[in-house]
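Asks: Structure in structure tokens, see below.
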Amino acid sequence: MSDLTARFRKLWDEIAPIGRDAGSGGYLRYALTEPELLLRGWFRDQAEQRGMPIIEDGNGNLFAWWGDPDAGDAVLTGSHFDSVPHGGAYDGPLGIVSAFLAVDELRESGVTPARPLAVGAFVEEEGARFGVPCLGSRLLTGALPAERAAVLRDADGVSFAEALGHAPAGARPELWGRFRSFVELHVEQGRALADTVAPVAVASAIWPHGRWRFDFRGEGNHAGTTRMADRRDPMLTYAFTVLAANKEARLRGAYATVGRVSVEPNATNAIPSRVTGWLDARAAEPEILTGLVEAVHDKAVERARRDGTAVTLTEESATPLVAFDGGLADRLAALLDAPVLPTGAGHDAGVLAGHLPTAMLFVRNPTGVSHSPAESATDADCAAGVAALARVLAELTC
Ligand code: GLV
Ligand code: MN
Ligand code: MN
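Residue numbers for the sequence shown follow the numbering used here, beginning at 113 and rising by one.
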């Protein structure tokens with residue numbers, strides 16, 4: 113095992129037990145809940161050990177600085193700690209652990225950056241607790257108004273402002289304006305690298321994507337006494353809509369997923385009065401995505417007419433196509449001799465890319481599985497990711 117691989121494993125082991133569910137082996141690291149707060153404590157310790165003072169942005173995002181934060185023209189790297197329910201170990205934390213190790217690599221090789229370098233931890237990237245993905249980066253850059261974020265509520269009714277302990281600060285242009293570029297390292301979430309010799313790739317783009325809530329309303333009634341012909345069952349409309357989403361996505365070469373559903377009253381012997389399903393949809397082009405969601409909605413409305421139910425559609429978040437800075441991606445791909453890939457997954461880098469030159473590095477994932485306990489990367493590939501990130505940071509801070 114190389115030194116760097118051993119160092120990766122040692123640091124990785126420090127956070128590996130935090131928030132892991134013994135049953136599934138996956139992670140329950142929701143933003144600002146105990147496990148994520150422990151990870152933030154770990155972040156502070158790591159920063160302190162390296163003499164990196166922390167700036168909090170008032171939105172839940174943390175930045176640890178090597179060099180003078182007031183000097184401007186800084187390079188930012190980092191990712192997020194939060195997970196989806198029973199998510200994998202790597203999605204997010206790999207970018208933060210790798211960032212601290214890359215700082216160590218630079219220091220050991222005697223590199224003194226000519227500009228400040230910051231390691232960031234963004235809050236609520238997955239949107240698993242408050243429903244809006246990349247909440248922290250959207251707040252920091254002003255893409256989401258603070259008043260709207262403050263009142264987002266989790267499943268227990270706790271608002272984002274309550275979880276944060278104060279009203280979010282909202283846009284901080286004087287803070288993100290200090291960054292000249294952002295590089296987020298992330299586990300790959302597909303199999304594009306799995307059968308190649310490349311442990312690391314550079315991102316070219318993020319597909320446009322979003323989350324839409326379908327509320328289906330019908331008439332709650334008795335399962336044993338209501339004649340089939342008399343029912344107004346929103347579960348039927350919901351089920352048809354899920355199948356329609358799958359079909360319409362396949363027809364367009366797009367992706368559609370309904371991975372979350374809530375039913376009222378959720379009783380085995382009662383026809384539901386209401387079903388809510390969340391559609392996650394993604395496509396290579398914005399027009400394809402819009403056409404997909406419209407087609408699914410049209411089919412839901414038509415089916416609701418037949419079922420005697422009602423359906424409403426609410427857009428909960430939308431992320432436009434992100435084309436990462438082409439010059440930067442080409443420069444990093446040449447530096448690392450790495451392939452360049454698009455992705456359908458969302459990232460804080462996609463939000464920051466609207467404001468500053470931004471790049472992403474992907475670390476090979478042997479199964480391609482992500483948002484699942486089975487997500488994986490070898491220690492050797494993670495070490496290769498750290499080495500690549502260190503080279504990139506050396507290049508961008510010189
Ligand atoms: C975040 O990982 C997303 O793509 O939903
Ligand atoms: Mn994710
Ligand atoms: Mn992620």
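Where is the CB? At the ideal position from N, CA and C, for every residue including glycine.
Is T308 buried or exposed, if buried means 16 or more other CB atoms sit within 10 Å of its CB?
Replies: The residue is exposed, with fewer than 16 neighbouring Cβ atoms inside 10 Å.
Asks: Can you tell me where the beta strand (DSSP E) holding R394 begins and where it ends?
Replies: Unbroken beta strand (DSSP E) run through R394: 386-394.
Asks: Whose CB is closer than 5 Å to a heavy atom of ligand 3? List the residues in chain order.
Replies: Per the Cβ criterion, the list is D203, G204.
Asks: Kindly indicate the opening and closing residues of the alpha helix (DSSP H) around W324.
Replies: Careful: W324 lies outside any alpha helix (DSSP H), inside the beta strand (DSSP E) at 321-329.
Asks: Within the present structure, is the beta-carbon of E274 separated from the nearest heavy atom of ligand 1 by less than 7 Å?
Replies: False, no ligand heavy atom lies under 7 Å from that Cβ.
Asks: Could you name each continuous beta strand (DSSP E) segment of 3 residues or more that falls completely within the region 180-246, going from the start of the chain to the end?
Replies: Counting whole runs of 3 or more residues, the region 180-246 contains the beta strand (DSSP E) stretches 186-192, 229-234.
Asks: Report all residues from its chain with a CB closer than 6 Å to the CB of V504; omit the five preceding and five following residues, and keep chain order.
Replies: Cβ neighbours of V504 beyond the five flanking positions: V295, L444.
Asks: For H334, which beta-bridge partners are listed by DSSP?
Replies: The partner list for H334 (beta bridge, DSSP) reads A382.
Asks: So, helix, strand or coil for F294, using DSSP?
Replies: Strand, per DSSP.
Asks: Is E236 near ligand 1, with its Cβ less than 7 Å from a heavy atom?
Replies: E236: no, Cβ never under 7 Å from ligand 1.
Asks: Can you check the region 421-488 for any alpha helix (DSSP H) of at least 4 residues that lies completely inside it and give the ranges in chain order?
Replies: With a minimum length of 4 residues, the continuous alpha helix (DSSP H) runs that stay inside the region 421-488 are 438-448, 460-464.
Asks: If you pair each beta-carbon of the region 446-459 with each one of the region 314-324, do three or more pairs fall below 8 Å?
Replies: Yes, the region 446-459 is in contact with the region 314-324.
Asks: Taking only three categories from DSSP, how would you classify S374?
Replies: It is a strand residue.
Asks: Give me the residue from W124, T253, R241, R162 with the minimum Cα distance to A465.
Replies: Looking at the Cα atoms, T253 is the closest of the given residues.
Asks: Helix, strand or coil: how does DSSP classify A315 here?
Replies: Three-state result, A315: strand.
Asks: Cβ atoms of L229 and W178: under 8 Å apart, would you say?
Replies: Yes, Cβ-Cβ distance for W178 and L229 is below 8 Å.
Asks: Report yes or no: do three or more beta-carbon pairs, one from the region 228-247 and one from the region 210-217, lie closer than 8 Å?
Replies: At 8 Å Cβ cutoff, the stretches touch.
Asks: So does A457 have its beta carbon nearer than 7 Å to some heavy atom of ligand 1?
Replies: The answer is yes for A457.
Asks: Which residues in the same chain as D460 place their Cβ atom closer than 6 Å to its Cβ, once the five residues preceding and following it in sequence are excluded?
Replies: Only F234, E237, C246, S249 meet the Cβ criterion.
Asks: Is the Cβ-Cβ distance between P377 and P346 less than 8 Å?
Replies: In this structure, P346 does not lie closer than 8 Å to P377 by Cβ.
Asks: Since I400 is in the alpha helix (DSSP H), which residue starts that stretch and which ends it?
Replies: Residues 398-419.
Asks: Within 7 Å: the Cβ of A483 and any heavy atom of ligand 2?
Replies: The displayed chain sequence assigns His, not Ala, to residue 483. The answer is yes for H483.
Asks: Tell me the residue span of the alpha helix (DSSP H) that contains L363.
Replies: Note, L363: alpha helix (DSSP H), 346-364.
Asks: Less than 8 Å between the C-beta atoms of R290 and A186, yes or no?
Replies: The answer is yes: Cβ separation under 8 Å.
Asks: Considering only heavy atoms of ligand 2, does any lie closer than 7 Å to the CB of V196?
Replies: Under cutoff, so the answer is yes.
Asks: Among all the DSSP beta bridges, which residues are the ones paired with R132?
Replies: Bridge partners of R132: Y139.
Asks: What does a CB cutoff of less than 7 Å around D491 pick up in its chain, not counting 5 residues either side in sequence?
Replies: Once the five neighbours on either side are set aside, the close Cβ partners of D491 are T117, F120, R121.
Asks: Measuring alpha carbon to alpha carbon, tell me which of G184, V375, P257 ends up nearest G282.
Replies: With distances taken between Cα atoms, G282 lies closest to P257.
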